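Enquirer: For what it's worth, the UniProt record's numbering labels the leading residue of the sequence shown as 1, then goes sequentially.
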Amino acid sequence: MAKAASRKPRASRWRRIAGWTLIAGISAALLAVIALLIAVYTARASLPSFEQLRSSPNGQMIRVHAADGTVIVSLGPSYGEWIAYRDIPLVMRQAMVAVEDRRYRSHWGVDPIGIARSVKVGWDNYGSDRRLQGASTITQQVARTVFLSNRYDLGRKLREMILALAMERKFTKDQILELYLNKVYFGGGAYGIDAASRRFFAHPATDLSLSEAAVIAGLVKAPSRYSPTADAQAAVGRAGVVLDVMVDVGAISAAEAAAAEPTEVKLAPEPRRNSVRYFTDWALPQLEMLIDETQAPLDVWTTLDLSAQAAADRAIQANTPAGVQGALVALDRDGAVRALVGGKDYVSSNYNRATQANRQPGSAFKLFVYLAALEAGFKADDTVVDEPVTIDGWSPRNSSGRFSGPINIRSAFAYSVNTVAAKLGQEVGFGTVADMARRFGITTPVGTRPAMVLGTSEVRLIDMTRAFASVAQKGVAVTPYGITRVTANGSVIYSHEVDTSRVLVAPYVAAQMTDLLQTAVATGTGRAAQIGRPVAGKTGTTSSNKDGYFVGFSSGLTTGVWMGRDDSRAVGGLQGGTAPARAFASFMRSAVAKRPVEQFDTQVTLPEWQLEPDEESYFGEPDNGLFVDEDGYPIGERDPVYVTPGEEGEIVQPLPPRQPPGAPPEGEQLDRDWIERVLGRDEAAPRDPDDRRPQPGQGRLREPPPPIRERDTPPPPRREAYPGDFPNQ
1 MAKAASRKPR ASRWRRIAGW TLIAGISAAL LAVIALLIAV YTARASLPSF
51 EQLRSSPNGQ MIRVHAADGT VIVSLGPSYG EWIAYRDIPL VMRQAMVAVE
101 DRRYRSHWGV DPIGIARSVK VGWDNYGSDR RLQGASTITQ QVARTVFLSN
151 RYDLGRKLRE MILALAMERK FTKDQILELY LNKVYFGGGA YGIDAASRRF
201 FAHPATDLSL SEAAVIAGLV KAPSRYSPTA DAQAAVGRAG VVLDVMVDVG
251 AISAAEAAAA EPTEVKLAPE PRRNSVRYFT DWALPQLEML IDETQAPLDV
301 WTTLDLSAQA AADRAIQANT PAGVQGALVA LDRDGAVRAL VGGKDYVSSN
351 YNRATQANRQ PGSAFKLFVY LAALEAGFKA DDTVVDEPVT IDGWSPRNSS
401 GRFSGPINIR SAFAYSVNTV AAKLGQEVGF GTVADMARRF GITTPVGTRP
451 AMVLGTSEVR LIDMTRAFAS VAQKGVAVTP YGITRVTANG SVIYSHEVDT
501 SRVLVAPYVA AQMTDLLQTA VATGTGRAAQ IGRPVAGKTG TTSSNKDGYF
551 VGFSSGLTTG VWMGRDDSRA VGGLQGGTAP ARAFASFMRS AVAKRPVEQF
601 DTQVTLPEWQ LEPDEESYFG EPDNGLFVDE DGYPIGERDP VYVTPGEEGE
651 IVQPLPPRQP PGAPPEGEQL DRDWIERVLG RDEAAPRDPD DRRPQPGQGR
701 LREPPPPIRE RDTPPPPRRE AYPGDFPNQ
């Protein structure tokens, strides 16, 4: 009896403990439910509207359009057209619900059965690295995609569940499924079924077939693993699983599943990464300076002409020697970049040789020498003397190794006579030439050593093309641009305005320069650039044939071509008048085919001071400042033909020339027969015994005895060509 009595209080005590524990558990559960309800309804109140969720993509997308509106590049996450629920193919809706959340229509946003199954899988795989999987409903996935990150932890999972319950209270099942199908990630940068359909099948999602819908639905689980472009076999196998699940849930019949053949799905061809990317790589970084920072999706409208770009690509591929790189830039009258090729193959090398590479332009740089000379008062028909010259110990030679004697400036430019360019540079001042280059848009350092007149300073192809374009525009500055306007959600936030207010040189200077450039193509070193309509341009070749240039214009389009090796090794036979000029001609024939033929306006009215030049204009002191290197630091040597005061006031005598004045370099003698043939004279004209022609190295190009300036001989008549007189340079 005593033992029974002692057991009874003990059992009663355990019942009381169990009762209180049950009450505490129920209370805690009630409190948890109340807290959950409060959290859910609080979250529901803070949720955006359905329309707001539709217009809030994850991440910024930038679509780049060519001049005709064609989308040439899409950057960032890609979103297709928003597909309303009623327009989404039934098979697409059924496939997604079947494989991702078969109880979607019955749960409240969270699937207890799915959670239990996930916990069981987790228990079975305890100790492994596998996560709990399969518990997230479509609603939870929408909450995670729109509001949360993909970081996996219990806190994020709890927030995901609360948001899913809140969304089920605020939106209909159809609205949630519409959000899901338009926002979930399918791989390949594609968000939403329309972007995925266009990415993988090249058509909108409204045209999806059953087999295509199965492929897309199978991507959500592992977009990279089942991507049809990465592993077609894995994608087909996953699509078969989706079809089987659709049969299990009654969405389709077994016969329909058997008729669907994922193996016969036609995939969209992989987009070829072509030279267009050279253009976009140059243009898009400029957005930071053009617009304020925004996360809105952007549409960038550019100047690129796709037909011109294709022609430029063909011209570089067809004319660039094996093992050599090539680049091309084409600018319209206002500076719009119509074509830009930075290399032979963007995939193998995305280095943009048109906008980034600094290379020597060779004789193409003489543009600035002659611009400075024309601005200083020289004229195209003025006679100068092609003869040996030494400037500060530097003795330039012509590529032919010979000298032609008296020759007019037009012919000297056309045949790229180096000695004349050196004399002109000395006459106007090498600093003046450097200033002219900077004035016309050369952004790289330009040195002032005498050899700079032959293009020893490195430049960018786009800068050289810009300079020639400014000459074509009669001296008005041309600034290259690639973006015409930018829109964000349909609203224009930037529009380009062309500036024509900057005049670099007087129109008569630009017209005379155009005359020289036209002659260089018609009869000089640039003959390979002829295209059957007026063309003006200049060749350029560096020492040892390391670089070849041709820059020219016709019918309002200015094009620059460069060829060479990235390691600056010599290229046998490469000259500006060969492969680069041929590439120019090949491109321009196509690019200007639909443009009217335009004649160059080279008839100009000279200013009065140039019609009757006074002695000062001929005998004015050239620039005698210190030479500077390409970084702007003084070299410390002055032109030896000038006498300058020393540091203590004494007179420093000029450096003696390497050879006696007037004596040609050893081994180089004037070939009189050759001179007569070049100038078209039967015999040499008698020389005036009082002739005061300057000796080599003195820098005097012309003598102006009043009232009319005498010449040693009349200028040679303009001829169609001087065949064989000078090799291309």
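Virtual Cβ for every residue (Gly too), placed ideally from N, Cα, C.
Computed from a prediction, not measured in an experiment: that's the story for all the values here.
First and last residue of the beta strand (DSSP E) that includes I88?
Expert: For I88, there is no enclosing beta strand (DSSP E), as DSSP marks it with neither H nor E.
Enquirer: How about residue 730 and F279: are their beta carbons less than 8 Å apart?
Expert: Past the boundaries of the shown model lies residue 730; the chain is included only from 1 to 729, so the question cannot be answered.
Enquirer: Checking the sheet assignment: what are the DSSP bridge partners for N398?
Expert: Partner(s): none; N398 has no beta bridge.
Enquirer: How close, in whole Å, do the beta carbons of Q356 and R565 come, if the pair is a contact with beta carbons under 8 Å?
Expert: Not quite, the Cβ-Cβ distance comes to about 16 Å (not below 8 Å), so this is no contact.
Enquirer: Based on Cα-Cα distance, which residue from H203, T539, R533 and P580 lies nearest to P596?
Expert: R533
Enquirer: Going by the beta-carbon positions, is the gap between F550 and A529 smaller than 8 Å?
Expert: yes
Enquirer: Where does the unbroken beta strand (DSSP E) through I493 begin, and where does it stop?
Expert: S491 to S495
Enquirer: Would you tell me roughly how many angstroms separate the C-alpha atoms of T602 and K546, rounded to the nearest one?
Expert: Cα to Cα, the separation comes out at about 34 Å.
Enquirer: Quick check: the Cα distance between G455 and A196, rounded to an integer number of angstroms?
Expert: 52 Å
Enquirer: By DSSP's criteria, L406 is part of a beta bridge. Which residues make up the other side?
Expert: The question names Leu, but residue 406 is Pro in the sequence shown. Residue pairing by DSSP places P406 opposite V385 in a beta bridge.
Enquirer: With T500 as the anchor, note down where its beta strand (DSSP E) starts and where it stops.
Expert: Element bounds for T500: n/a, residue is neither H nor E.
Enquirer: Please state whether DSSP places I162 in a helix, a strand or coil.
Expert: Per DSSP, reduced to three states, the secondary structure at I162 is helical.
Enquirer: Round the Cβ separation of L424 and A364 to the nearest angstrom and send it over; I've been treating them as touching at under 8 Å.
Expert: With a contact defined as Cβ atoms closer than 8 Å, L424 and A364 miss out at about 16 Å.
Enquirer: Pull up the distance between the alpha-carbon of G405 and that of A283, whole angstroms please.
Expert: 49 Å
Enquirer: Confirm, please, whether the CB-CB distance from T539 to Q512 is below 8 Å.
Expert: no
Enquirer: Skipping 5 residues on each side, what residues in its chain have a beta carbon closer than 7 Å to that of A376?
Expert: Result list for A376: V428, in chain order.
Enquirer: Any chance the region 212 to 221 sits against the region 262 to 270, with 3 or more Cβ pairs inside 8 Å?
Expert: yes
Enquirer: One question on the structure: do R277 and V73 come within less than 8 Å of each other, judged by their Cβ atoms?
Expert: Yes, the Cβ-Cβ distance between R277 and V73 is below 8 Å.
Enquirer: Grab the span of the beta strand (DSSP E) containing S554 for me, first residue to last.
Expert: D547 to S554
Enquirer: Unbroken beta strand (DSSP E) runs of length 3 or more, entirely within the region 255 to 311: which are they?
Expert: Here the runs fully enclosed are 298 to 302.
Enquirer: Between the C-alpha atoms of L328 and L606, what's the straight-line distance to the nearest angstrom?
Expert: The alpha-carbon atoms of L328 and L606 are separated by roughly 35 Å.
Enquirer: Buried or exposed, going by whether 16 or more other CB atoms sit within 10 Å of the CB of residue 734?
Expert: Residue 734 lies beyond the range of the chain shown here (1 to 729); nothing can be said about it.
Enquirer: Rounding to the nearest angstrom, what Cα-Cα distance links residue 730 and L340 in this structure?
Expert: Outside the displayed range of the chain (1 to 729) lies residue 730, so it cannot be described from this structure.
Enquirer: Which term fits G342, buried or exposed, when burial requires 16 or more other beta carbons within 10 angstroms of its beta carbon?
Expert: That one is buried.
Enquirer: What residue does the beta strand (DSSP E) around R338 start on, and which one ends it?
Expert: V337 to V341
Enquirer: Can you list, in chain order, the residues of its chain whose CB lies under 7 Å from that of H107, leaving out five sequence neighbours each side?
Expert: Contacts found: T137.
Enquirer: Hey, does L181 have any beta-carbon neighbour from chain B nearer than 8 Å?
Expert: Of the chains in the structure shown, none is chain B; there is only one protein chain.
Enquirer: From what residue to what residue does the alpha helix (DSSP H) around R466 run?
Expert: L461 to A472
Enquirer: On a Cα-Cα basis, can you pick out the residue from K266, A258, D248 and A202 that is closest to A232?
Expert: K266
Enquirer: Is T70 helix, strand or coil by DSSP?
Expert: In the three-state scheme derived from DSSP, where H, G and I count as helix and E and B as strand, T70 is classed as coil.
Enquirer: Count Cβ pairs between the region 380 to 388 and the region 406 to 417 that sit closer than 8 Å; are there 3 or more?
Expert: yes
Enquirer: Check whether the Cβ atoms of residue 741 and F600 sit closer than 8 Å, and answer yes or no.
Expert: The displayed coordinates of the chain run from 1 to 729. Any statement about residue 741 would go beyond what the structure contains.
Enquirer: In the structure shown, what three-state DSSP assignment does W562 receive?
Expert: strand
Enquirer: In this structure, does DSSP put R672 in helix, strand or coil?
Expert: Because R672 carries a pLDDT of 44, less than 50, the predicted location of this residue cannot be relied on, and no value is offered for it.
Enquirer: Under three-state DSSP, which class holds I17?
Expert: helix
Enquirer: Beta-carbon within less than 6 Å of D515's beta-carbon, same chain only, minus the 5 sequence neighbours each way: which residues are those?
Expert: A380 and T602
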